[in-house]
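Under our numbering, think of the first position of the sequence shown as 15, with each following residue one higher.
Idealized CB from N, CA, C, for every residue including glycine.
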Amino acid sequence: MALVVQKYGGSSVGTIDRIRNVAGRLMDTQREGNRVIAVISAMSGVTDQLIGLAHQVMENPPERELDMLVSTGEQQSVALLCMAIAEMGGKAISLTGAQAGICTYGSHTRGRIGSISPGKIFEALNEGHIVVCAGFQGVAEDGDIHTLGRGGSDLSAIALAAAVKADICRIYTDVDGVYTCDPRVVREARKIPCLSYEEMLEMASSGSKVMQARSVELAKKYGVVFEVRNSMNNNSGTIVQEENSAMESLTVRGISIERNQARVTVSGITAPVAYTAIILTALAEAEINIDMIVANTAHDGRARQSFTMNMSELGAAQAALKGVLPMLGPEARLETEAGLAKLSVVGVGMRSNSGVAATVFRALADAGIVTGMIATSEIRISTTVEAADVERAARAVHAAFHLEQGS
Ligand code: ADP
Ligand code: ASP
Ligand code: MG
């Protein structure tokens, strides 16, 4: 008898019919002789709606109250799903994050899972229930509800799979698995049968939001092998696990795009030597997440430093940097550029193959696409492009690596 964790995302429970579909799938899995834990997201659109309501009330709602509000989205869907299972003659119980024993710490709206005490889950399993846990939420030591960041039900599922030592962990969504690029952007994209944790992590954190990046980090840490699958069919999906030698044979495995990027440049820096520390400290103190960083010194001795960030952080970054400009010399000034996007290519095979960057930038140049800042890791190359060009850029690079031919 296997212990199975199945996570269903918002689009998989987006309507009552879809909730019934999930109910049927969970009951089938139990009927096949498994013990079943489900982790469920809010119905698609509900989390955004709740956040929208909060912002109608006030511009900057307190994060504690936001958590209180948005966590209700998952409570609706788990209860409805258990009703659907009951209606079909099955036995299920819904649990909030707190009832499931998910203990969190850190900040509201981006809580971290500290520990899981799955006693109640096992009790319910032993009584023959399908256990339906609300994703995206946990409880802090002081009893407050924490949510786990957007896409956080993936994190709930991986953490629960690790805590209960599940035999199988499946993440069900609205596409057949992880593709060589978002299939809504590149029609020729192919499903990738097997990916390493590192590749999935680089893809997720560079814009392939099919999995939440933090959940992949956790899966790697605890060695949770998981499969991304489609909730509307029984096709095999993408298995994400430790790297193996077969994965290295392909240089590029996937392409990610991330929209809504902005660039900030501080130019005319003449003093002091530690200007990078001053700039980055100001941004860190304002809790601004920056991504690519480029610094250089022109022949006249003036330095400039540029970095990219999500558009939503641009205003706060400008405010934080204005305060330190006087410390960077009399001519230091800020320039900003919105309307950018980031394109990344990912693959563990890059470690042992040269010429990947040349192929990327040749493909982009041939397509007439202007590139901007560039950043690399051992298994990723990223560049900024104009937002209007990003889909064309993704298709050009996808074709240049023949990713449509699959592996
Ligand atoms: P869920 O509601 O199940 O959590 P998400 O919307 O978070 O689903 O993730 C699924 C979506 O991720 C797909 O519909 C697809 O458009 C998008 N996506 C982005 N990049 C990829 C990729 N490389 N492979 C598959 N899907 C991707
Ligand atoms: N409902 C939450 C969100 O929309 C969590 C999730 O779906 O994973 O971000
Ligand atoms: Mg998701």
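Requested in this report: Within the same chain, show all residues whose beta-carbon is closer than 6 Å to that of residue 266, passing over the 5 residues directly before and after it, in chain order.
Outcome: 359, 361 and 415
Report task. Give a yes or no on whether the minimum CB-CB distance between residue 178 and chain B is below 8 Å. Result -> Here chain B cannot be found, since the structure has a single protein chain.
**Report entry** Selection from 296, 176, 200 and 196 that minimises the alpha carbon distance to residue 229
**Finding:** 176
Report task. Compute the distance between the beta-carbons of residue 251 and residue 314, then report whether it is under 8 Å. Result -> no
Report task. Measure how close the beta-carbons of residue 349 and residue 279 come, nearest whole angstrom, since I'm counting them as under 8 Å. Result -> 4 Å
Query - DSSP beta-bridge partners of residue 357 - result: 271 and 397
Query raised in the report: Do residue 149 and residue 180 come within 8 Å of each other at the CB atom, strictly closer than that value?
Result: no
Report task. Could you pull out every residue in the same chain whose Cβ sits closer than 6 Å to the Cβ of residue 52, ignoring the five residues on either side in sequence? Result -> 20, 40 and 146
Requested in this report: Could you tell me the distance, in whole angstroms, from the CA atom of residue 205 to the CA atom of residue 342?
Outcome: 49 Å
Query - Run of the beta strand (DSSP E) containing residue 244, from where it starts to where it stops - result: 240-244
Report task. Tell whether a beta-carbon distance below 8 Å holds between residue 18 and residue 182. Result -> yes
Report task. Verify whether the separation of the beta carbon atoms of residue 151 and residue 159 is less than 8 Å. Result -> yes
Query raised in the report: Any heavy atom of the ligand MG closer than 7 Å to the Cβ of residue 168?
Result: yes
Report task. Would you check if there are 3 or more beta carbon pairs closer than 8 Å linking the segment 23-34 to the segment 58-73? Result -> yes
Query - Cβ neighbours of residue 234 in the same chain (closer than 6 Å, five flanking residues each side left out) - result: 211
Query raised in the report: Mind checking residue 166: buried by the 16 CB within 10 Å criterion, or exposed?
Result: buried
Requested in this report: Since I believe residue 316 is in contact with residue 290 (beta carbons under 8 Å), could you give me their beta-carbon distance rounded to a whole number of angstroms?
Outcome: With 8 Å as the limit, residue 290 and residue 316 do not qualify as a contact, their Cβ atoms being about 14 Å apart.
Requested in this report: Check the DSSP bridge columns for residue 309 and list the partner residues they point to.
Outcome: 319
Query raised in the report: Taking just the CA atoms, how far does residue 370 sit from residue 339?
Result: 38 Å
Query raised in the report: Does any heavy atom of the ligand ASP sit closer than 7 Å to the C-beta of residue 150?
Result: yes
Query raised in the report: What's the C-alpha gap between residue 306 and residue 294?
Result: 12 Å
Query raised in the report: Is DSSP giving residue 86 helix, strand or coil here?
Result: helix
**Report entry** Any non-hydrogen atom of the ligand MN closer than 7 Å to residue 217 Cβ
**Finding:** Looking at this structure, you won't find the ligand MN anywhere; what it does contain is the ligand ADP, the ligand ASP and the ligand MG.
Query raised in the report: Would you say residue 154 and residue 186 are within 8 Å of each other, going by their C-beta atoms?
Result: no
Query - Beta-carbon proximity check, residue 276 vs residue 352, cutoff 8 Å - result: yes
Query raised in the report: Should residue 308 be listed as close to the ligand ADP, given that the test is whether its C-beta is under 7 Å from any heavy atom?
Result: no
Report task. With DSSP collapsed to three states, give me the class of residue 63. Result -> helix
Query raised in the report: How would the residue list near the ligand MG read, in chain order, if you kept each one whose beta-carbon is closer than 5 Å to any heavy atom?
Result: 23 and 165
Query raised in the report: Counting along the chain, where does the alpha helix (DSSP H) carrying residue 235 start and finish?
Result: 227-236
Report task. Would you mind stating whether residue 325 and residue 302 have Cβ atoms separated by less than 8 Å? Result -> no
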